[in-house]
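See structure below.
Numbering (my numbering), first residue to last: 1 to 282.
Below, the structure is given as structure tokens:
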């Protein structure tokens, strides 16, 4: 029997509560007390403002309209992509995120795919399931927030992160323009946003624009999310990274077995990334 490598799930009551920053899934008290400040910032034009809407109302719809917080209420301590894809994500992070920097892992889970041998000053996690986030040993802190209901006005300091990560989750954004505007706000000048994805997804929870597209059109869609916000550099699309991180023998074998039982072949999940930086101020 092949081990899954998953640690036993801890009871929710023994989660390290000191690592939970705040729960903003339903407008926390913290958010209410700071609303006026964030509203003023969001209302300003110029860098960080939304230039245009990318998606039409119909393109934002999902086959399953259930509130996302209920959909993600049950912990899923599994990988949603194969080891080869995850290895390339890790290598991309190694190349683009400065060691010792501050990182926001948006839509995170029980793993962050960051290089295990690289130290960072702070890794802030975000998601919808506290148990999954509590299992992620790389996170300094985490917070809960439904970005499809509250896409902007996050209770995070402006210009505070060197990198923002979105791995295998951008397909679920119903208000991507506002999410990317907030990403711009919290990034330091010169900071990077790294969006990675493959063909795997929860089909019924992906927006129509993503479901109906090819991998090429999905890449173009993410590029448009960046271009819709004033102040990002020209997005860079990648389908591979140099010096792909090596896989352990177990990971390589597990990938072959996984792909065989899933599709009848050992072809790896395709790697796609879109990268953009927050322009530095003059």
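Each residue gets a CB set at the ideal place from its N, CA and C atoms; glycine is no exception.
If residue 118 and residue 94 are in contact, beta carbons under 8 Å, what's the gap, nearest whole angstrom?
7 Å
Sort 155, 179 and 68 by Cα distance to residue 54 and report the nearest one.
It is 179.
To the nearest angstrom, how far is the alpha carbon of residue 219 from that of residue 123?
Answer to the nearest angstrom: the Cα atoms are 26 Å apart.
First and last residue of the uninterrupted beta strand (DSSP E) at residue 192:
187-197
Within 10 angstroms of its Cβ, does residue 280 collect 16 or more other Cβ (buried), or is it exposed?
exposed
On the three-pair Cβ rule with 8 Å, is the region 131-141 touching the region 187-204?
no
Below 8 Å on the Cβ atoms is my guess for residue 108 versus residue 136; work out the distance and round it to an integer in Å.
Rounded to whole angstroms, the Cβ separation of residue 108 and residue 136 is 6 Å, and the two are in contact under 8 Å.
Nearest-angstrom Cα separation, counted from residue 250 out to residue 257
Taking the straight line joining both Cα atoms gives about 11 Å.
For a test of the three-state rule: what should DSSP assign to residue 59, helix, strand or coil?
helix
For residue 133 versus residue 161, is the C-beta distance shorter than 8 Å?
no
Can you tell me whether residue 283 is helix, strand or coil according to DSSP?
Only positions 1 to 282 of the chain appear in this structure, which leaves residue 283 out of reach.
Nearest-angstrom Cα distance between residue 184 and residue 46?
12 Å
Alpha carbon to alpha carbon, how far is residue 278 from residue 190?
Distance from the CA of residue 278 to the CA of residue 190, rounded to the nearest whole angstrom, comes to 5 Å.
Ignore the nearest five residues each way along the sequence and tell me which others in residue 50's own chain have a CB closer than 7 Å to its CB.
177, 178, 181, 228 and 229
Whole angstroms are fine: how far does the CA of residue 196 sit from the CA of residue 85?
10 Å
Are the beta-carbon atoms belonging to residue 129 and residue 75 less than 8 Å from one another?
yes
Taking C-beta to C-beta, are residue 271 and residue 242 nearer than 8 Å?
no
Where residue 100 falls, given that 16 or more other Cβ within 10 Å makes a residue buried
exposed
Could you please give the first and the last residue of the uninterrupted beta strand (DSSP E) stretch that includes residue 276?
Where residue 276 is concerned, the enclosing beta strand (DSSP E) stretches over 272-277.
According to DSSP, is residue 179 helix, strand or coil?
helix
CA-CA distance, residue 65 and residue 121?
38 Å
Compare the Cα-Cα distances from residue 116 to each of 126, 96, 102 and 91 and report the closest residue.
91
Write down the C-beta distance between residue 164 and residue 193 rounded to the nearest angstrom, noting that I regard them as a contact closer than 8 Å.
5 Å
For residue 70 and residue 235, the rounded distance between their alpha carbons:
33 Å
Residues sharing a beta bridge with residue 102, DSSP
122
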